[in-house]
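Using UniProt numbering, the first residue of the sequence shown is number 1, and each one after it goes up by one.
Ideal Cβ positions, reconstructed from N, Cα and C, are used throughout, including at glycine.
First comes the structure, then the notes that go with it.
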Amino acid sequence: MSVCIEFKDVSYAYPLTNKAAVKHLNCKLESGKCYGIIGPNAGGKTTFCNLMRGLCPKFYGGILKGDVIVNGKSTREWEDEELSVQIGYVFQDPFAQVSGIKETVFEEIGMGLENLGVETEEMIQRILEISKMVNVEALLQKNPLALSGGQCQRVAFASVLALNSDIIVIDEPTSQLDPSSTNDVFEIISALKNQGKTVIIAEHKVDLLAEYCDEIIAMAEGRIIAQGDTREVLANPILREKGVRIPQTVSLAVNMEKEGIPLRNIPINKKEAIELLKEREG
């Protein structure tokens, strides 16, 4: 697989602070994979996402050292409008993503396409296709500002996906959602994976990331402390040492091994845990 995003010794500090939010980040992200970004609060996850989208320092200001390469070109060189097409970004707060100037969800989803000069017929077709995919067809004539949190999150997804970017960055999409809406979000993520999109999710619900992600990047104190295959990273002891949340199944397995119970492998999701327990009972 080809590399679509690369961090080259990246450090970044927001304005009016002497402390870097992230330090010496080095990693490569391959096209078509799903990545989970995990870590404690203030560990650097959102800044990591902002750097990929070029918001740091172009929008937030501050000092950037090193380089972030997106599809072979530095974020310093991409024009913002161009980069917004290369990378679709779903923000943590969906209401912050709503423009506030469109009266219907239909218009809201189409705003990015309108700004890019997409012809009306193609724009309508794309809005209808994306609306069906993220299950907002019944909301198309509603005011975006009158939606619930879960509804607004799906509209935010639709607005981003309408641009048909190959890379989708999603910052803590379920932080304000109930379990049902959370499942809806991960169904969308699953559909994006099936389409061959590169998906990057910063998320606290590591049990869900364990089911959907090909690779995990674990962060703490602004640094990458582990990266690679999902199973290997989630079972890495350094996560527990640094206070990074791990799946319940991994915690259970670690405690079992501490009690002297040997395990064939560390289960990273419920399905694997059930299979492992059945093996031991048999």
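- In this structure, T230 keeps its C-beta atom at 8 Å or more from the C-beta atom of K33.
- A Cβ-Cβ separation of about 6 Å places M52 in contact with V169 under the 8 Å criterion.
- Close CB contacts of Y60 within its chain, under the 8 Å cut and outside five residues either way in sequence, are with Y14, P15, N50 (chain order).
- Between the alpha carbons of A21 and I87 lies a distance of about 22 Å.
- Here the alpha carbons of K258 and R154 stand approximately 43 Å from one another.
- In this structure, DSSP gives T47 a helical state, which the three-state scheme calls helix.
- For I274, same chain residues with a beta-carbon under 6 Å away, outside a window of 5 residues either side, do not exist.
- The stretch 72 to 130 contains, as complete alpha helix (DSSP H) runs of 4+ residues, the segments 80 to 86, 94 to 97, 105 to 115 (chain order).
- CA-CA distance, R264 to I5, rounds to 35 Å.
- Here Q227 is buried, its C-beta having at least 16 other C-beta atoms within 10 Å.
- Between V134 and I200, the CB-CB gap reaches or exceeds 8 Å.
- Its Cα nearest to that of A191, the residue K132 stands out among K132, R245, D80, V10.
- Looking from the CA of K102, the closest CA among K73, L140, S31 belongs to L140.
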